[in-house]
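Novice: Each residue of the sequence shown is one higher than the one before, counting from 1 in full-length UniProt numbering. Glycine included, each C-beta is placed from N, C-alpha and C at the ideal position. Computed from a predicted structure; not experimentally measured. Structure incoming, see below.
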Amino acid sequence: MVVNGVDIEVERKPIKNLHLAVYPPDGRVHVSAPQSYTDEQIKLFVLKKWVWLVQKRKETTSYTFQDKREYVSGEAHYYKGELYRLKVIRDNTCTFHVDILGDYINVYVYERTTKESIANVLWNWYKEQITPTFELYVTKWEKILDVKVAEWTIQQMTSSWGKCHKDTGKIMFNLQLAKKPLNCIEYVVAHELTHLIEQNHTNKFKHILGTYLPGWQKIKEQLNEFPL
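Structure follows, in structure tokens:
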């Protein structure tokens with residue numbers, strides 16, 4: 001359901017009253033509604049709560065994925081949950097590449113390379129480095145859950161850690177996860193693959209995830225609280 005351009009996740013349950021919730025990090029809106037309620041009744045309920053909803057979404061999306069870094073030497077950057085300092089090494093004789101030495105992520109570029117190009121070099125490196133990790137976890141959780149992913153990709157996403165299209169079996173993972181601890185990456189993989197069984201965040205979904213990944217709630221908190 002879409003209200004004023006905002007996607008609303010609706011779950012009809014055997015309850016008496018409507019409940020509206022907004023979840024971090026992407027401001028996802030969820031409505032639990034009695035089974036007898038029509039779409040129009042639910043939309044009206046959401047509109048009555050609109051001022052609160054907009055404010056709550058602003059608060060929860062403070063986990064913004066927007067890249068506001070300057071990509072200069074000394075800047076803090078994370079990789080797999082570890083903090084590093086960026087070192088931009090400008091040399092017209094080098095080839096663009098990235099390596100880690102001690103506590104530094106070194107980015108090798110030309111003298112006049114722009115901030116945007118430095119960012120692209122670094123993000124391409126992140127994607128190259130983190131792809132085997134996703135391959136490992138996707139294969140692992142396909143076996144655990146007895147599901148098959150038709151296709152998965154890693155890309156920059158602005159509002160969620162991952163997205164599963166149950167009808168096509170395709171899954172997208174947020175490239176920003178390369179900065180997160182490994183247990184957080186695995187949680188997102190497990191979470192998205194569980195959607196191949198249960199599309200919505202129902203009690204069944206939570207039961208499946210909890211059965212195979214006990215304590216996932218704590219990992220989710222860590223994921224959303226850990227700096228980017």
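Pull up the DSSP beta-bridge partners for His-77, would you.
Specialist: Tyr-84
Novice: For Arg-28, count neighbouring C-beta atoms within 10 Å of its own C-beta (all shown protein chains included) and say buried if the count is 16 or more, exposed if not.
Specialist: buried
Novice: Check whether the region 137–156 and the region 102–110 are in contact - that is, three or more C-beta pairs closer than 8 Å.
Specialist: no
Novice: Along the alpha helix (DSSP H) that carries Asn-120, what are the first and last residues, could you check?
Specialist: Element bounds for Asn-120: 115–145.
Novice: Tell me which same chain residues have a C-beta within less than 6 Å of the C-beta of Lys-170, skipping the five on either side of it?
Specialist: Here Lys-170 has Ala-150, Glu-151 as same chain residues with Cβ atoms under 6 Å from its own Cβ, once five neighbours each way along the sequence are excluded.
Novice: For Tyr-108, which residues from the same chain have a beta carbon less than 6 Å from its beta carbon, with the 5 sequence-adjacent residues on both sides left out?
Specialist: Ile-89, Cys-94, His-97
Novice: Just reading off the alpha helix (DSSP H) that Asp-39 is part of, what are its end residues?
Specialist: 39–48
Novice: Just reading off the beta strand (DSSP E) that Tyr-187 is part of, what are its end residues?
Specialist: First-last for Tyr-187: 182–194, but that is the alpha helix (DSSP H), not the beta strand (DSSP E).
Novice: Just checking: is the beta-carbon of Gln-222 within a distance shorter than 8 Å of some beta-carbon in chain E?
Specialist: This model lacks chain E altogether, as it is built from one protein chain only.
Novice: With respect to the beta strand (DSSP E) encompassing Phe-173, which residues constitute its N-terminal and C-terminal limits?
Specialist: 170–174
Novice: Under the assumption that Lys-166 contacts Leu-213 (Cβ atoms under 8 Å), give the Cβ distance between them as a whole number of angstroms.
Specialist: Rounded, the Cβ-Cβ distance is 19 Å, inconsistent with contact.
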